[in-house]
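A.B. asks: Attaching a single structure in structure tokens format; questions to follow.
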Amino acid sequence: MQRTADNWRMRAAGVALLGAIGCQSGCQSGNTTGGAPAGSAAPAASAAPAAASAAPVAGSAAAAASAMPASEISLTSESVLKVMNPKRREPYSGPTGTLRGRVTIKGDPPPDTRLSFPAGKCGEAAATYGRLFRVGQQNALADALVTVVNYSGYVPEREEAEKVTIHGCAFSSRTVAMTFGQRLEVANLDPLESYMPNLEGAPFMAVLVAMPQGEAVKFHPPQPGYYHLVDKMPKPFLKSEVFVLKFATHDVTGLDGQFEIKNIPVGKVLTAALLPAIDQDVKKEIEIKEGDNTLDFELTFDLAKYSEKKGAKTSSP
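Heads up: the sequence shown begins at 10 in our numbering, then just goes up one per residue.
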């Protein structure tokens, strides 16, 4: 099926990010294949629960048997530290730099997705999902995941949660980057419309309702890997690719194409910019100096080559 083929394409992008680039120095092996991770993504929340129940995604039943309770997943929990900091090193305290820059794209314009959107209440959906990818002014590329790895030292995540909002039937970003141990908070900014966000790829027991301008629905990805944030109302176009990473040095671009990554230890590092929508990335090795550092990325989109590649993947068994 088309959706299955698209999921595997995105999982391949996860492999490119988590495997080819690799986790930060000192990480131990984990779920870097993009397969369905084990655990529960239905923590308690005051948001109204829907009367729904579902089994874990196909192929993950055995993993679900050893699911980690959401209450045990945090930046300081033992299970997370075993993955993020297995050598129990002290947080890096030496000189650091900040990397800022812009991601752009050249070549063919993004094609129409041919998706249909409800009239009236879904004003932002067409602008977010109407094209294969989002491009801002002066070829700025939105939803690109930028990462920095291969530095020396352990850099812990400082934010407890990665926050996503919904407005006008659209998530605030089509790509979400998290550090393993963070929780994902999905808040509904609409005054009237309700949503039922769900983190596919993580087993769940119930779907929670994101009430209009209410409390955020919380998810705890049970291990590093690739997930799909969707709406169970359903609105099939409403989705975001979620990457749960083994390092804290990452960012996702907005419509201005800008990114900023702080607290990078000085020295040579490997950087990358990935656009999941077309499964394309570009990598650069640079020297991080103390203070401000600047680096821009440019991707190229060839519609003919993309269509040929997509057709080959869709037709493969």
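Every residue gets a Cβ at the ideal spot worked out from N, C-alpha and C, and that includes glycine.
For clarity, every value in this text was computed on a predicted model and none was experimentally measured.
Relative to the C-alpha of M220, which candidate in D240, H229, L198 and P233 has its C-alpha closest?
C.D. replies: L198
A.B. asks: Which residue marks the beginning of the beta strand (DSSP E) containing A135, and which one marks its end?
C.D. replies: Element bounds for A135: not the beta strand (DSSP E) but the alpha helix (DSSP H), A134 to Y138.
A.B. asks: Out of E224, D240, V253 and T137, which has the shortest C-alpha to C-alpha gap to M187?
C.D. replies: V253
A.B. asks: On the DSSP bridge list, what partners appear for H237?
C.D. replies: E209 and E250
A.B. asks: Is the separation between the beta-carbon of N272 and that of V164 shorter than 8 Å?
C.D. replies: yes
A.B. asks: Tell me which residues share the same chain as E294 and place their Cβ nearer than 6 Å to its Cβ, disregarding the 5 neighbours each side in the sequence.
C.D. replies: The answer, listed in chain order, is L279.
A.B. asks: Helix or strand or just coil, what does DSSP make of E202?
C.D. replies: If DSSP states are grouped into helix, strand and coil, E202 belongs with coil.
A.B. asks: I'd like to confirm the pairing. Which residues does DSSP put opposite K172 in its beta bridges?
C.D. replies: E194
A.B. asks: List the endpoints of the continuous alpha helix (DSSP H) containing K91.
C.D. replies: E87 to M93
A.B. asks: According to DSSP, simplified to helix, strand and coil, what is A79?
C.D. replies: helix
A.B. asks: For my contact list, Q191 and E209 are in at a C-beta cut-off of 8 Å; report their separation, rounded to the angstrom.
C.D. replies: 18 Å between Cβ atoms; not a contact.
A.B. asks: Consult DSSP for L141 and reduce its assignment to one of helix, strand or coil.
C.D. replies: coil
A.B. asks: What does the alpha-carbon distance come out to for the pair H259 and E296?
C.D. replies: 17 Å
A.B. asks: Are there 16 or more other CB atoms within 10 angstroms of the CB of P127, so buried, or fewer, so exposed?
C.D. replies: exposed
A.B. asks: So, with DSSP's three-state summary, where would you put E317?
C.D. replies: helix
A.B. asks: Would you call T262 buried or exposed, if buried means 16 or more other Cβ atoms sit within 10 Å of its Cβ?
C.D. replies: The Cβ neighbour count for T262, taken over all protein chains shown within 10 Å, is at least 16; the residue is labelled buried.
A.B. asks: With which residues is K227 paired in a DSSP beta bridge?
C.D. replies: E194
A.B. asks: If we count the other Cβ atoms within 10 Å of its Cβ and call it buried at 16 or more, is V216 buried or exposed?
C.D. replies: Classification for V216: buried.
A.B. asks: In terms of residues, what are the limits of the beta strand (DSSP E) holding I270?
C.D. replies: Q267 to P274
A.B. asks: List the DSSP bridge partners of N302.
C.D. replies: L108
A.B. asks: Using DSSP with H/G/I as helix, E/B as strand and the rest coil, what is L84?
C.D. replies: Coil, per DSSP.
A.B. asks: Would you decide whether D240 is buried or exposed? Buried here means 16 or more other CB atoms lie within 10 Å of its CB.
C.D. replies: With 16 or more other CB atoms across the displayed protein chains lying within 10 angstroms of its CB, D240 is buried.
A.B. asks: Got a sec? Which residues, its chain only, sit under 6 Å from G116 by beta carbon, not counting five neighbours each side?
C.D. replies: The answer, listed in chain order, is T309, F310 and D311.
A.B. asks: Have a look at I82 and M93 and give me their C-alpha separation to the nearest angstrom.
C.D. replies: Cα to Cα, I82 sits roughly 12 Å from M93.
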